[in-house]
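Residue numbers (the working numbering), protein chains in the order written: chain L, 27 to 130; chain B, 6 to 175.
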Amino acid sequence: MELLFASKYYTSYQSSEDQCFYIDFGHKLVEVSFCQLLSLRYKAKQLSTSEHLEYMLNHSDTTLLSFCDKKHVLLLDTLQILDFVDLINGTFAMIELNDILVIA
Amino acid sequence: MENIARKQISINLEVMDLLNEQIVKEQHASSVYLAMASWCDQKGLFKSADFFYKQSEEEREHMMKIFKFINDAGGAAFSPEVSNLSNAHEYTSLKEVFEATLEHEISVTKSIYNIVAKCRKVNDFGTENFLQWFVAEQLEEEQTIRDILDMIDLMEDMPLQFIDERIPTE
């Protein structure tokens with residue numbers, strides 16, 4: 027597995043051998059396809075909107091994140107949400123950088 | 006490092022985000038035109054109502070075209086949420102309905118141009134090629150609405166029924 031990006035709490039990898047990605051959430055390592063990674067990117071965008079963050083801060087300060095077709099569920103607080111968003115943004119930035127380097 | 010993501014997707018991700026935003030805009034336009042059709046139907050302006058029913062279907066077809074393109078290219082298209090239609094059901098005149106339509110079409114055209122510009126910036130020539138159909142379509146849509154507004158101006162003093170009869174439905 028090759029390291030893609032590490033945020034404060036989470037780490038992403040890609041595996042050329044398995045042709046998929048992995049996210050280490052600390053307590054578990056989750057295998058995700060590229061499609062599922064795109065879905066996580068979409069969820070990260072939704073979770074990081076000011077409306078959602080404001081709602082979290084004013085209410086329970088927790089969000090349930092289900093992904094990989096409801097195979098996994100995570101309970102995240104605001105700081106973990108922000109870190110998750112950081113991980114997803116960093117992961118896709120590294121994928122894009124990799125694309126540029128491969129072309130070059 | 007092998008680029009396994011590129012094997013899965015043919016389009017640029019930022020362009021994909023813009024296309025998903027365009028899906029929302031096209032679906033919103035479809036809903037607005039449906040509201041306009043309802044307004045016209047309730048006023049007995051049946052040709053205008055037919056025009057907007059057809060426009061609504063066309064906008065949905067545009068939305069579906071983009072939706073399919075994203076998924077076919079290996080991306081992820083997201084079903085659009087439509088909101089903020091509270092003002093779409095109220096107009097003071099038929100002219101106002103068509104003026105609002107023209108404004109809507111212009112904003113869609115600008116949005117398409119914005120995506121084409123992004124495609125050029127990130128060398129996403131496949132999506133740029135796909136969007137050329139939309140560029141031509143938008144020019145045609147704007148022209149149609151402008152022609153109707155010209156006709157309404159020319160026939161301003163005529164009964165509304167006469168104007169409605171001249172609204173193109175084909």
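Don't be surprised by glycine CBs; every beta carbon is placed ideally from N, CA and C. Please read all numbers here as calculations on a predicted model, not as lab measurements.
Chain B residues whose Cβ lies nearer than 8 Å to that of residue i
i, result
"E57(L)", "The contacting residues do not exist; E57(L) stays about 13 Å from chain B at best."
"F118(L)", "L18"
Partners in chain L for residue i, counting only beta-carbon separations shorter than 7 Å
i, result
"E7(B)", "S42"
Residue-chain proximity (residue i, chain L), Cβ-Cβ < 8 Å
i, result
"F74(B)", "no"
"Q150(B)", "Going by the sequence as given, residue 150(B) is Ile instead of Gln. False, the Cβ-Cβ gap to chain L never drops below 8 Å."
"I120(B)", "no"
"I71(B)", "no"
"I176(B)", "Since the first residue of chain B shown is 6 and the last is 175, residue 176(B) is not available in this structure."
Residues near residue i in its chain [Cβ-Cβ closer than 8 Å; skip 5 each side]
i, result
"E19(B)", "K123 and V127"
"F83(B)", "N25 and I28"
"V58(L)", "C46, F47, Y48, I49, L66, F93 and C94"
"G79(B)", "Q13, I14, S15 and I16"
"S157(B)", "In the sequence under discussion, the amino acid at residue 157(B) is Ile, which differs from the Ser named in the question. If we look at I157(B) and ignore the five residues flanking it on each side, its Cβ neighbours are L99, K100, F103 and I168."
"L184(B)", "With chain B covering 6 to 175 only, the question about residue 184(B) has no answer from this structure."
Proximal chain B residues relative to residue i, where beta-carbon distance stays under 7 Å
i, result
"I121(L)", "A10"
"F110(L)", "Per Cβ cutoff of 7 Å: no residues; F110(L) is ~18 Å from chain B at best."
"E28(L)", "M6"
For residue i, the three-state DSSP class (helix, strand or coil)
i, result
"D22(B)", "helix"
"Y39(L)", "strand"
"L55(L)", "strand"
"E175(B)", "coil"
"I153(B)", "helix"
"I168(B)", "helix"
"E147(B)", "helix"
"L30(L)", "strand"
"I49(L)", "strand"
"D44(L)", "coil"
"M6(B)", "coil"
"E161(B)", "coil"
"A119(L)", "helix"
"L66(L)", "helix"
"I28(B)", "helix"
"K12(B)", "coil"
"K48(B)", "coil"
"N76(B)", "helix"
"S76(L)", "helix"
"N17(B)", "coil"
Chain B within 8 Å of residue i, Cβ atoms only
i, result
"L64(L)", "yes"
"F31(L)", "no"
Interface residues of chain L facing residue i [CB-CB closer than 9 Å]
i, result
"A81(B)", "C61, L64, S65, R67 and Y68"
Same chain, Cβ closer than 6 Å to residue i, five either side skipped, listed in chain order
i, result
"V111(L)", "A70 and S74"
"L41(B)", "With the sequence shown as reference, residue 41(B) is identified as Met, and Leu is not the correct amino acid for it. For M41(B), where only same-chain residues beyond five positions count, the Cβ hits under 6 Å are F57 and V102."
"S65(L)", "none"
"D169(B)", "L50, K52 and S53"
"M120(L)", "L30 and F31"
"F74(B)", "F135"
Contacts that residue i makes with chain B (C-beta to C-beta distance below 9 Å)
i, result
"Q106(L)", "Result: empty, since nearest Cβ-Cβ is about 23 Å, beyond 9 Å."
"D125(L)", "N8, A10 and R11"
Proximity test, residue i beta-carbon vs the ligand NAD heavy atom, cut-off 7 Å
i, result
"V99(L)", "As for the ligand NAD, it is missing from this structure, which has no ligand bound."
Own chain partners of residue i with C-beta closer than 7 Å, once the 5 adjacent residues on each side are dropped
i, result
"Q62(L)", "F93 and C94"
"I172(B)", "K52, S53, F56 and I153"
"L100(L)", "F51 and L91"
"L83(L)", "T104"
C-beta neighbour in chain A for residue i, strict 8 Å
i, result
"Y81(L)", "Note that chain A does not occur in the displayed structure, where the protein chains are L and B."
**Request:** Could I get the ranges of all uninterrupted beta strand (DSSP E) runs contained in the stretch 78-117 of chain L, with 3 residues as the minimum, in chain order?
**Result:** Here the runs fully enclosed are 88-93 and 98-103.
**Asked** Could you give the uninterrupted runs of the beta strand (DSSP E) lying entirely in the stretch 80-139 of chain B, keeping only those of 3 residues or more?
**Response** none
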